[in-house]
Amino acid sequence: MEVVLIDDGSDDETGQRLEEYQGESVRVITHANKGFVRALTDAIVRSDSEYIAIHGSGDIAKKTKIKKQSEFLDHNPSVGLVGCRRLVKFYGNKRNNYAIGQEFKKKFERGIISINPFSHGEVMYRRSVYEKAGGYREFFRYAQDRDLWCRMSHIAEFAVLGDILYERVTGRPGSVSGDIEKLMQQRFLSEFAVYCHCQRLEGKPDPLDSIGAQSALMRPRSKRLAQDLARLSVRRWIEGDPHGAAQLVAAGLSERVCLHTLFASFSLTRFSSILMPPLSAYLSTRRRYREEGGSD
């Protein structure tokens, strides 16, 4: 096994700390900032392993993750990508942690349209399938994983192991999940990846490959995306972020007017002035309690 650690132009002590791990099976690569996708692609090119696993910054992989996933791929040659059940942990203990993921092994060309069952850092995939699919595409600043999974789904089966082998931290300041603007970009790019996928399933050329970046403007408005933004807006409101909730519901209404977006808009308008003060007070008290070592 080879571990490749990338310092993509950090301006803190990240590079120095990574160098401490340099060794026979651990390689540290430091370079000026290239952006996540290009740095990721370069790291894969400079490695030669049969299987590839990307670890998310700030997340935690269980000790048995690599072993169990690699053994599963060894014994299931039809599977090109394997995930696992994961524990979602909220930065700052804002909400209860919860486990997510459903064990399966099957073709997922159609399933990937409605849901992305994987987080980027939980998966392990075959280099051969990655290369045949064309690798990551730099257009996708966010949702590059959803785009890659869509293209991989044409080539191989997917699987999810039933064990919880990965812990994903969400809501960190500056992260996609913790920044409304980044979160909306991620959702729109994810929907564009699905649009490209559906075009390929219909036997048509991939819009991004055949037309270029401007093909993103050709994506039809999506009820699925509008519903997703509406659900996110309600969740954001419950977590005590009315401004972020308003941005999300506005984006949802702009995407498509449907029952979900209308309900979210009505709920935020009708109940925010009544429920937000006591809800915010409750969340603040609960957060302090957990930070002081209490449990729910």
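When we follow my numbering, the leftmost residue of the sequence shown carries the number 1146, and every step to the right adds one.
Virtual Cβ for every residue (Gly too), placed ideally from N, Cα, C.
Between the C-alpha atoms of residue 1169 and residue 1147 there is a straight-line separation of about 9 Å. Assignment of beta-bridge partners to residue 1243 by DSSP yields 1233. At a Cβ-Cβ threshold of 8 Å, residue 1201 and residue 1313 count as neighbours. The beta carbon of residue 1364 lies closer than 6 Å to those of 1337, 1340 in the same chain, with the five residues before and after it left out. Under the three-state reduction of DSSP output, residue 1189 falls in the helix class.
Between residue 1415 and residue 1331, the alpha-carbon positions lie close to 29 Å from each other.
By the neighbour-count criterion, in which a residue is buried when 16 or more other Cβ atoms sit within 10 angstroms of its Cβ, residue 1208 is exposed.
Per the C-alpha coordinates, the member of 1265, 1183, 1222 positioned closest to residue 1300 is 1222. The beta carbons of residue 1253 and residue 1228 sit about 11 Å from each other, so the pair does not count as a contact at 8 Å. Rounded to whole angstroms, the Cβ separation of residue 1294 and residue 1353 is 15 Å, and the two are not in contact under 8 Å. Contact between residue 1255 and residue 1245 does not hold, since their C-beta atoms are separated by about 21 Å, which reaches or exceeds 8 Å. By the CB criterion at 8 Å, residue 1306 and residue 1400 fall outside the cutoff.
Secondary structure note for residue 1171: its beta strand (DSSP E) is the uninterrupted segment 1171 to 1176. Taking C-alpha positions only, residue 1181 is separated from residue 1370 by approximately 24 Å. For residue 1390, the uninterrupted alpha helix (DSSP H) run begins and ends at 1387 to 1400, by DSSP.
Closest in alpha carbon position to residue 1261, among 1298, 1410, 1159, is 1298.
If you look at residue 1269, you'll find it in the beta strand (DSSP E) that goes 1269 to 1271. Within the same chain, and ignoring the five residues on either side of residue 1288 in sequence, the residues whose Cβ sits closer than 6 Å to its Cβ are 1331, 1334, 1335, 1338. A direct Cα-to-Cα measurement between residue 1186 and residue 1279 gives close to 11 Å. When only Cα atoms are considered, residue 1206 and residue 1315 end up about 15 Å apart. Note on the segment 1275 to 1314: there is no whole beta strand (DSSP E) run with a minimum of 3 residues. For residue 1212, no beta strand (DSSP E) encloses it; the enclosing alpha helix (DSSP H) starts and ends at 1210 to 1220. With respect to the 8 Å criterion, residue 1351 and residue 1359 are not classified as neighbours on the basis of their beta carbons.
Bridge pairing for residue 1150: 1173 [DSSP]. The Cβ atoms of residue 1378 and residue 1409 lie closer than 8 Å to each other. Beta-bridge pairing by DSSP links residue 1226 to 1270, 1303. Residue 1177 counts as exposed, since fewer than 16 other beta carbons sit within 10 angstroms of its beta carbon. Judged by DSSP secondary structure, residue 1337 falls within the alpha helix (DSSP H) whose first and last residues are 1325 to 1346. For residue 1160 and residue 1175, the gap between their C-alpha atoms comes out near 7 Å. Residue burial annotation: residue 1265 is buried, with at least 16 other C-beta atoms found within 10 angstroms of its C-beta.
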